[in-house]
Amino acid sequence: MADALVGGAFLSASLQVLFNRMASQEVLDFIRGKKLKKRLVKKLKPMLMSVKAVLDDAEYKQITNQNVKDWVAELKDAVYDAEDLLEEIAAEALRSRLGQTTSKKLSCLISSLNPFNSGMDLKLKDILGRLESLVNQKDILGLEEHCKGKKAFQNSPATSLVDESGVYGRDDEKEATMKLLHPENPTKNQIDVIPIVGMGGVGKTTLAQLIYNDKRVEEWFDLKAWVCFSDEFDAVRVTKTILEEITSSCDGSQNLNQLQLKLKEKPLGKKFLFVLDDVWNKKYVDWEELRRPFTSGAQNSKIIVTTRSESVASIVRTVPTYHLDILSDDDRWKLFAKHAFVDGSPSMHPDLKVIGEAIAQRCKGLPLVAKALGGLLRCKDADEWNEILHSDLWEKLEEEGTTIPPSLRLSYYFLPSHLKRCFAYCSIFPKDYEFKKEELILLWMAEGLLQISKKDGNAEGDKCFKDLAFRSFFQQSTRDKSYFVMHDLISDLAKSISGEFFCKVEGNGGGSYEITEKTRHLSNIQEQYDVSKKFKTLSKAKSLRTFQTFQSSPLCCYITSQMLDLITKCRCLRVLTLAKYRNINELPEEIGNLKYLRYLNLSETLIKCLPNSLSTLYYLQALILFECFCLVELTKDMCRLINLQHLDLRETKLARMPKGMDKLKDLRTLTDFVLGEQNGSSINELGKLKHLCGRLAISGLGNVACARDAKDANLEEKMNLKELSCCGVLTLILMIEGMTEKYLSNWSPIQTWSDLSLVVMVVQVFWNGSDILSSPK
């Protein structure tokens, strides 16, 4: 049964977004003078206020009352549609403002003929009718307004994230497993496979990491490798990962036979330790295929397998299974206290200690849950601790009997409403998917989950991310500290609360849910050939907001033109990712119909140029073109993308930037700025891009027309740039002007010139009559 915690404060945040949208200048300007629309929009707000008043009560009662749960789902569907409607009004208002080149008389004529106007009235009436019906049902369902005792939890004060330190209560377990690895305890097996079995969140991976990083392992084994499995078993991926771990390289082959032959060579006669983390596959045939190359290792090589499944353990083991138990009461309390108290010392907070010990008891000995609840309560007062301890939701959730611990779901329930929306959106990610903070924040922005300030940029996104990481909803990847991942239980929690509005599609139309009319966010697990059959019901999702693709294997992936046509018919899309489809070399002009689109990712495609219709996507905030090796030209009207904030052009072959880049005044990320020989943007246009931050690479500086243009770029004012890369000309100019020291103190690294002939050419260009260079220096 899907988790019921999908209403209440989660929807409150959605309603607040609606209220803000209704009060926006675009909407107010557009309905001014349109009496019917004005009356209908004014009627919408009290309707939403009526349902908002009972959401707290609905969130409690839906856990045990299926009718209330269905009511909340219908309400959320109506709220999604209301958001789309107000988005449509705002988009039309923006288009009208940007297109004010026609005469007033002609504008009135066009407006009177526009089918948008009559259609808007019908949509408003439909949504109002649905909301009115839902409001009438609240009394029948016994929902009470502003229930007492259900105080809204506010966001905790900002605190610094602390590094994970100390693992409690696993010393004995670690040493018991180390004995099985010790050279003085040989067995008759060529290879020992040691399964570590335990429930989700009990710390199997943590125990395996402690063992893997122990200095004694370096002495006892010649080779070691770590592989994290996922729901889908992929022998090619696993074999390649082991090869990369023990050789630090891999030739990219997709042939399993060739890969296994190479893997058999590497450990030949050597003793190895392989850790296979989080194994789910229960097919004996798959395991036998995977383990064949391992037999070349020396006697008493070891494989540790962590799994939740006794069935998996029985298939792989050659020695008895090691069962990892829950933490003791004392260790559970220590772990909880470490995360719940800022100073880590409960003795300094006697009023909270007794309450905390009782809450820690309810964590059922799971380290993951103790960390999550401890992080939730950090910096909260005794009343809030008591509210969580005495909440009747503990019993209700335990009665529901799902696999997600009630204590973990409570840590979600007591999140501030804006964090609920942000966390639920993470169900779009496949299990074990590693993501960067910046990637997730851009997606949150595109979906309207953040209130972005031009002054503060992504400050709210940073704070939301840190708050969720602080509460252990996100964990740093063990592979690369710049990436994050969600624990399986956290991933299950996100999936359960997102319900049927989120859908994951994989092979032959399989996945977590079927695409329906209520589907708003679609996660596509790429196959080698993504064909229409896989998305046969996509046309049902007329209000789809997200089409996000994720690569499940290193194979090249291809998409059909029919699928592209189908996607561009999803007119409500905010997020569109087509990354890694190797047969995409152009976009259809119909991309311009996606007028709400805010995030477009075409990374690692073979696209050569962007269609000019792309310039009509006035709401576009992020355009990701990383490793589009064939891309030589952007749309000539890039300057019309007035809301663009992030433009990633790394590893492209652009010949020049189009004119008018200085009009993109909200641009914060511009990875590359290419100066062409003619008909392109001038370097002085950088001067008006005042919010640039992060990395900037400038190329083609030999095409700078005059020294004044270089000076007008005002690079010395862009203090938020962390890295500046250029071909040497700019550095020369700075040295001549005596500004090198200032630049070097703020940016690292700056690449100095490497071609003496280029330096000589620059001196010749700027020496005569330059208004920067007054005399030779």
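In terms of this note's numbering, the sequence shown opens at residue 114 and continues consecutively.
Idealized CB from N, CA, C, for every residue including glycine.
For clarity, every value in this text was computed on a predicted model and none was experimentally measured.
request  = With DSSP collapsed to three states, give me the class of residue 897.
outcome  = Within the shown structure, residues of the chain are numbered from 114 to 890, placing residue 897 beyond reach of any answer.
ask   = Nearest to residue 802 by CA position, among 817, 784, 789, is which residue?
value = Here the question's residue 802 lines up with position 689 in the sequence shown. For residue 802, the nearest C-alpha among the options comes from 784.
inquiry  = Using the Cβ count rule (16 or more neighbours within 10 Å means buried), how would you classify residue 289?
reply    = The residue you call residue 289 lines up with position 176 of the sequence shown. Under this definition residue 289 is an exposed residue.
task = Determine the contact status of residue 586 and residue 603, defining contact as a CB-CB distance below 8 Å.
result = Residue mapping note: residue 586 aligns to position 473 of the sequence shown, counting from 1. Residue mapping note: residue 603 aligns to position 490 of the sequence shown, counting from 1. For residue 586 and residue 603, yes; Cβs fall inside 8 Å.
inquiry  = Going by DSSP in three states, residue 417 sits in which element: helix, strand or coil?
reply    = The residue given as residue 417 occupies position 304 in the sequence shown. DSSP places residue 417 in strand when its eight states are reduced to three.
query = Once you ignore the five residues that flank residue 400 on each side, which residues in its own chain have a CB closer than 8 Å to its CB?
reply = Locating residue 400 in the sequence shown gives position 287, where the first residue counts as 1. Answer for residue 400: 394, 428, 429, listed in chain order.
request  = Report the residue ranges of all beta strand (DSSP E) runs contained in full by the segment 375–402; include only those spanning at least 3 residues, in chain order.
outcome  = 385–390
key: is_contact[residue 378, chain B] using C-beta, thresh 8 Å   = Among the chains in the structure shown there is no chain B, since it carries only a single protein chain.
query = Would you report the Cα separation of residue 579 and residue 558, rounded to the nearest angstrom?
reply = By one-based count along the sequence shown, residue 579 stands at place 466. By one-based count along the sequence shown, residue 558 stands at place 445. Rounded to whole angstroms, residue 579 to residue 558 spans 16 Å at the Cα level.
key: Member of 732, 301, 629, 698 whose CA lies at the smallest distance from the CA of residue 657   = What you label residue 657 is simply residue 544 of the sequence shown in a count that begins at 1. When each option's Cα is compared against that of residue 657, the closest is 629.
Beta strand (DSSP E) segments (min. 3 residues) lying fully within the segment 646–733 = 659–663, 688–690, 712–714
ask   = Count the other CB atoms within 10 Å of the CB of residue 234; is the residue buried (16 or more) or exposed (fewer)?
value = Start at 1 with the first residue of the sequence shown, and residue 234 comes out as number 121. Residue 234 is exposed by the Cβ-count criterion.
task = Put residue 893 into one of helix, strand or coil per three-state DSSP.
result = This structure cannot speak to residue 893, because the chain is shown only from 114 to 890.
query = Does the distance from the CB of residue 736 to the CB of residue 705 come in under 8 Å?
reply = Numbered from 1 along the sequence shown, position 623 holds the residue referred to as residue 736. Numbered from 1 along the sequence shown, position 592 holds the residue referred to as residue 705. Contact flag unset, no.
message = Taking the alpha carbon of residue 442 as the reference point, which residue from 414, 479, 425, 410 has its own alpha carbon closest?
response = As a first step, residue 442 must be located in the sequence shown, where it is residue number 329. Of 414, 479, 425, 410, the residue nearest in Cα terms is 479.
message = Does residue 697 pass the burial test, meaning 16 or more other C-beta atoms within 10 Å, or should it be called exposed?
response = For the purposes of this step, residue 697 is taken as residue 584 along the sequence shown, with counting starting at 1. Residue 697 should be labelled buried.
request  = Measure the C-alpha to C-alpha separation of residue 161 and residue 192 and round it to an integer number of angstroms.
outcome  = Taking the sequence shown and counting its residues from 1, one reaches residue 161 at position 48. Taking the sequence shown and counting its residues from 1, one reaches residue 192 at position 79. Distance between the alpha carbons of residue 161 and residue 192 is about 9 Å.
request  = Would you tell me roughly how many angstroms separate the C-alpha atoms of residue 398 and residue 425, rounded to the nearest one?
outcome  = Here residue 398 is taken as the residue at index 285 of the sequence shown, counted from 1. Here residue 425 is taken as the residue at index 312 of the sequence shown, counted from 1. Straight-line Cα distance between these residues: approximately 12 Å.
key: Three-state secondary structure assigned by DSSP to residue 782   = One-based indexing of the sequence shown puts residue 782 at position 669. Strand, per DSSP.
key: Proximity of residue 715 and residue 691 at Cβ, strictly below 8 Å   = By one-based count along the sequence shown, residue 715 stands at place 602. By one-based count along the sequence shown, residue 691 stands at place 578. Taking 8 Å as the Cβ cut-off, residue 715 and residue 691 qualify as a contacting pair.
ask   = To which residues does DSSP link residue 338 through a beta bridge?
value = In the sequence shown, counting from the first residue as 1, residue 338 sits at position 225. According to DSSP, which records beta bridges pairwise, residue 338 is partnered with 387.
request  = With DSSP collapsed to three states, give me the class of residue 735.
outcome  = Mapped onto the sequence shown, residue 735 falls at position 622. Strand.
request  = Please say whether residue 679 and residue 636 have beta carbons closer to each other than 8 Å?
outcome  = One-based indexing of the sequence shown puts residue 636 at position 523. One-based indexing of the sequence shown puts residue 679 at position 566. Contact: no.
query = Roughly how many angstroms separate the alpha carbons of residue 755 and residue 650, rounded to a whole number?
reply = Here residue 755 is taken as the residue at index 642 of the sequence shown, counted from 1. Here residue 650 is taken as the residue at index 537 of the sequence shown, counted from 1. Going from the Cα of residue 755 to the Cα of residue 650 covers about 35 Å.
message = On the CB-based measure, 16 or more other CB atoms within 10 Å of its CB, does residue 165 come out buried or exposed?
response = Position 52 of the sequence shown holds residue 165. Buried: at least 16 other Cβ atoms inside 10 Å.
ask   = Can the beta-carbon of residue 486 be found less than 8 Å from the beta-carbon of residue 524?
value = By one-based count along the sequence shown, residue 486 stands at place 373. By one-based count along the sequence shown, residue 524 stands at place 411. Yes, Cβ-Cβ distance for residue 486 and residue 524 is below 8 Å.
inquiry  = For the pair the segment 792–806 and the segment 767–775, tell me if three or more CB-CB distances fall below 8 Å.
reply    = yes
request  = Counting only the same chain and skipping the five closest in sequence on each side, list residues whose C-beta sits under 8 Å from that of residue 779.
outcome  = Here residue 779 refers to the residue found at position 666 when the sequence shown is read from its first residue. For residue 779, where only same-chain residues beyond five positions count, the Cβ hits under 8 Å are 567, 755, 756, 757, 758, 804.
key: Status (buried if at least 16 other CB within 10 Å, exposed otherwise) for residue 313   = Numbered from 1 along the sequence shown, position 200 holds the residue referred to as residue 313. By the neighbour-count rule (16 or more Cβ atoms within 10 Å), residue 313 is buried.
query = Where does residue 572 land, buried or exposed, given buried means 16+ other C-beta within 10 angstroms?
reply = Start at 1 with the first residue of the sequence shown, and residue 572 comes out as number 459. The residue is exposed, with fewer than 16 neighbouring Cβ atoms inside 10 Å.
message = DSSP three-state label for residue 862, please.
response = Numbered from 1 along the sequence shown, position 749 holds the residue referred to as residue 862. Reliability of the predicted coordinates at residue 862 is poor, the pLDDT of 38 falling under 50, and the value obtained from them is presented with this limitation in mind. Three-state result, residue 862: coil.
task = Would you check if the segment 592–607 and the segment 310–329 touch, i.e. whether three or more CB-CB distances between them fall below 8 Å?
result = yes
message = Assuming residue 810 is part of the alpha helix (DSSP H), what are its boundary residues?
response = The residue you call residue 810 lines up with position 697 of the sequence shown. No alpha helix (DSSP H) contains residue 810, which is instead part of the beta strand (DSSP E) from 807–812.
ask   = For residue 761, which of helix, strand or coil comes out of DSSP?
value = Position 648 of the sequence shown, counting from 1, holds the residue named residue 761. Strand, per DSSP.
query = Buried or exposed: where does residue 618 fall if 16 or more other Cβ atoms within 10 Å of its Cβ makes it buried?
reply = Counted from its first residue, the sequence shown places residue 618 at position 505. Label assigned to residue 618: buried.
task = Output yes or no for whether 8 Å exceeds the beta carbon distance between residue 664 and residue 641.
result = Counting from 1 along the sequence shown, the entry for residue 664 is found at position 551. Counting from 1 along the sequence shown, the entry for residue 641 is found at position 528. No, Cβ-Cβ distance for residue 664 and residue 641 is not below 8 Å.
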